[in-house]
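One structure is given below, encoded as structure tokens.
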Amino acid sequence: MFEGLHCQDDRPRWNLSRNPVRIRELHKAWNMHGLMTLRSLLMLHAGDVMEHAAKHVDTFYAQAWAFARFLCEAEGARYRPLLQQWITDTGAGTVFDPMHSHNSTTLPWNPAGIPEMVEHYLEVPLPELELKYLAWVQKTLQEDEEVDDAPVDGLAR
């Protein structure tokens with residue numbers, strides 16, 4: 530989940546919803562109209578982006594973090610149990626696999642089946658999911674700006 534870590538009372542605290550580095554990079558990508566499409570994001574893995582410019586790598590990780598948060602938090606956590614089932618099926622070796630490569634230990638990972646897999650598990654067509662995801666990202670970025678602009682102990686930031 531790319532969680533943020535801070536210390537409180539000399540003890541580490543993790544917050545899955547707050548990661549200043551990821552949210553900053555998400556703001557940058559949003560403001561520069563540089564977000565990847567959801568289809569592109571889903572079909573990449575970290576190894577794919579490492580050969581790109583740092584800007585592209587940062588956008589990938591920021592969007593991956595945002596999409597993971599979306600799946601856990603959006604629409605009253607609607608997608609969270611569906612994601613959990615997907616993870617459970619994957620761990621059990623019974624994941625829905627339209628390309629028949631994700632259930633195999635001998636075939637390489639095949640990104641072509643990921644969009645269909647996402648639609649199957651999240652029970653929504655990818656174009657509709659992307660609209661919901663983008664609306665959630667926009668709302669999250671607006672809320673982050675409001676938090677950053679809020680006074681702290683009566684002092685402006």
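Residue numbers for the sequence shown follow our numbering, so the first one is 530 and each next one is one higher. We put the CB at the ideal spot given by N, CA and C, even for glycine.
Range of the contiguous alpha helix (DSSP H) that encloses residue i
| i | result |
| --- | --- |
| Tyr-692 | The chain is shown only over 530 to 686; residue 692 falls outside these bounds and no answer can be derived. |
| Asp-493 | Residue 493 lies beyond the residue range present for the chain, which begins at 530 and ends at 686; the question has no answer from this structure. |
| Asn-560 | 549–560 |
| Val-578 | 575–578 |
| Leu-636 | No alpha helix (DSSP H) holds Leu-636; DSSP gives it neither H nor E. |
| Leu-571 | 567–571 |
Residue i and residue j closer than 9 Å at C-beta
| i | j | result |
| --- | --- | --- |
| Gln-614 | Tyr-650 | yes |
| Leu-555 | Ala-603 | no |
| Pro-656 | Met-572 | no |
| Gly-622 | Ser-630 | no |
| His-562 | Trp-638 | no |
Exposure of residue i, with buried meaning 16 or more beta-carbon neighbours within 10 Å
| i | result |
| --- | --- |
| Arg-553 | exposed |
| Val-681 | At Val-681, the pLDDT of 40 sits below 50, so the modelled position is not reliable; the number obtained from the coordinates is stated separately. The residue is exposed, with fewer than 16 neighbouring Cβ atoms inside 10 Å. |
| Gln-592 | buried |
| Val-529 | Because the chain is modelled from 530 through 686, residue 529 falls outside the range shown and cannot be assessed. |
| Asn-488 | Residue 488 lies beyond the stretch modelled for the chain, which goes from 530 to 686, so this question has no answer here. |
| Arg-540 | exposed |
| Leu-636 | exposed |
| Val-578 | buried |
| Asp-587 | buried |
| Ala-679 | The predicted position of Ala-679 is uncertain, since its pLDDT is 44 and thus under 50; a value taken from the coordinates is nonetheless stated next. Classification of Ala-679: exposed, given that the 10 Å Cβ count is below 16. |
CB-CB length for residue i against residue j, believed under 8 Å
| i | j | result |
| --- | --- | --- |
| Tyr-590 | Leu-600 | Not a contact, Cβ separation roughly 16 Å. |
| Glu-659 | Thr-566 | 7 Å |
| Pro-627 | Glu-652 | Wrong, their Cβ atoms sit about 15 Å apart, outside the cutoff. |
| Glu-559 | Leu-670 | The identity of residue 559 in the sequence shown is Trp, whereas the question assumes Glu. 6 Å between Cβ atoms; contact. |
Where residue i falls: helix, strand or coil (DSSP)
| i | result |
| --- | --- |
| Trp-543 | strand |
| Pro-680 | The pLDDT assigned to Pro-680 is 41, lower than 50, so where the model puts this residue is not dependable; a value taken from the coordinates is nonetheless given after this. Coil. |
| His-535 | strand |
| Met-630 | Reading off the sequence shown, one finds Ser at residue 630, where the question assumed Met. Ser-630: coil per DSSP, three-state reduction. |
| Gly-605 | helix |
| Pro-654 | coil |
| Glu-670 | A small fix is needed here, since residue 670 is Leu in this sequence, not Glu. Residue state, collapsed to three classes: helix. |
| Phe-625 | coil |
| Leu-600 | helix |
| Ala-582 | coil |
| Leu-564 | coil |
Contact with chain C by residue i, beta-carbon distance below 9 Å
| i | result |
| --- | --- |
| Arg-540 | Within the model displayed, chain C is absent; a lone protein chain is all it includes. |
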